[in-house]
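Here is the structure we will look at, set down as structure tokens.
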Amino acid sequence: MSWIENQSDEDKKMQQNVKELGKVPKHLAIIMDGNGRWAQNKSMPRVAGHKFGIESVREIVRASSNIGIQYLTLYAFSIENWNRPQIEVKGLMSLLEIYLKKEIDELNLNNVKITTIGKTSSLPHKVQTLLYKAIDKTKDNEGMNLVLALSYSGRWDIMRTVQMIALDVRRGKISPEDINEDYFTSQLQTAGMPDPDLMIRTSGENRISNFYLWELAYSEIYITEKLWPEFKKADLYEALSDFANRERRFGKTSAQLFNEEQTNEIQKTSYLQRVLDAIKK
Ligand code: IPE
Ligand code: IPE
Ligand code: MG
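Just so we're aligned, residue 732 is where the sequence shown starts under the working numbering, counting upward by one.
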């Protein structure tokens, strides 16, 4: 099913409103939290919360793709999550298996490119096989990049990177003076991806929980009380509208940003004028 063709008019209108604000994030990262509490509130086992959480994944992936987000990272399972009761871990792994089996064709049809970050070698073999099949099948797609953070943790990736760089130094491939931010970034699992512009966390927790540590340096953070199974496209549009109205200063002052914008406008206008003059000649 084509997602773009199967949108309701109301959906299109909501998206248009967000787009008109002119600032759709290139990279959106989400900490999908609160599945367990959602289930417990309904006197259901925690795994039921994860199952309903998949419905939100479906809806948010689709809406993100339709609105033109280029990278969507979903933090689905952290390295620390391996320490949960075995029954929950097993339930989560089989849900992941079901998701990958069931969704791959539709994701592929909608041009989504699947990638993964994390210590995926720790995942059950069945999940690894399905994951790598999905990655291979969608590798040439040019639509939204769906980055599944599975058995991922920010500190783990930073430690891995430090070890790789230390090895490169020992082998004489690079010298310590050559290590800079760009080089470090190029060795992370997120190499080649833009940093997240916006990070959403559901369930009202005010923490990063070992998600992207390096990459979130200047990301906008949006925390909602909604639990992940309750988080739907209207909530996403609300978060995107909130983001579009923020001023990202990257350490500068508001006045500097204003001046830069004016200069850009002047440059754009004079460039346009030159093009028009050239056409007239
Ligand atoms: C997020 O929901 C999913 C994973 C961490 C795998 P939780 O399972 O953490 O739900 P809460 O936070 O306990 O409610
Ligand atoms: C963060 O949620 C990890 C994922 C959503 C995958 P947790 O539920 O594991 O985080 P804490 O333990 O509340 O910090
Ligand atoms: Mg949690």
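Just so you know, even glycine gets a beta-carbon here, dropped at the ideal spot from N, CA and C.
This one's a predicted model, so the numbers in the text were calculated from it and none came from an experiment.
Worksheet entry | Contained beta strand (DSSP E) runs [length at least 3] in the stretch 781-831, N- to C-terminal order | 802-809
Discussion item. Less than 7 Å separating the Cβ of Gly765 from some heavy atom of ligand 3?
Written reply: yes
Discussion item. Please list the terminal residues of the continuous beta strand (DSSP E) segment that includes Tyr953.
Written reply: 951-954
Practice prompt. Can you give me the start and stop residues for the beta strand (DSSP E) that Val878 sits inside?
Written response: 876-883
Item to complete: Return the CA-CA distance between Ala970 and Phe981, expressed in angstroms with no decimal places.
Response: 20 Å
Fill in: Asn941: CB within 7 Å of a non-hydrogen atom of ligand 1
no
Practice prompt. Verify the contact flag: Ala807, CB atom, against every heavy atom of ligand 2, threshold strictly below 7 Å.
Written response: yes
Item to complete: Tell me whether Arg777 counts as near ligand 1, meaning its Cβ is closer than 7 Å to at least one heavy atom of that ligand.
Response: yes
Item to complete: Quick one: give me the first and last residue of the alpha helix (DSSP H) that Leu1003 is part of.
Response: 985-1011
Discussion item. Taking the alpha-carbon of Tyr968 as reference, which of Ile735, Lys754, Ser733, Met732 has the nearest alpha-carbon?
Written reply: Lys754
Discussion item. Under DSSP, the alpha helix (DSSP H) around Met745 begins and ends at which residues?
Written reply: 740-751
Worksheet item: How would you call Ile1010, buried or exposed, if buried means at least 16 neighbouring beta carbons within 10 angstroms?
Response: exposed
Discussion item. For the structure I just gave you, are there three or more beta carbon pairs, one from the stretch 902-911 and one from the stretch 952-963, closer than 8 Å?
Written reply: no
Worksheet item: Okay, do the stretch 894-905 and the stretch 780-790 touch, 3+ Cβ pairs below 8 Å being the bar?
Response: no
Worksheet item: Is the stretch 837-856 in contact with the stretch 874-883, if contact means three or more CB pairs nearer than 8 Å?
Response: yes
Fill in: Own chain partners of Thr860 with C-beta closer than 7 Å, once the 5 adjacent residues on each side are dropped
none
Worksheet item: Taking the alpha helix (DSSP H) that Leu862 falls in, what are its first and last residues?
Response: 856-868
Discussion item. Judging by CA-CA distance, which residue of Met930, Met895, Glu936 is the nearest neighbour of Ser917?
Written reply: Met895
Worksheet item: Buried or exposed: which applies to Gln987, given that a residue is buried once 16 or more other Cβ atoms fall within 10 Å of its Cβ?
Response: exposed
Fill in: Bounding residues of the alpha helix (DSSP H) (the contiguous stretch that carries Lys964)
964-975
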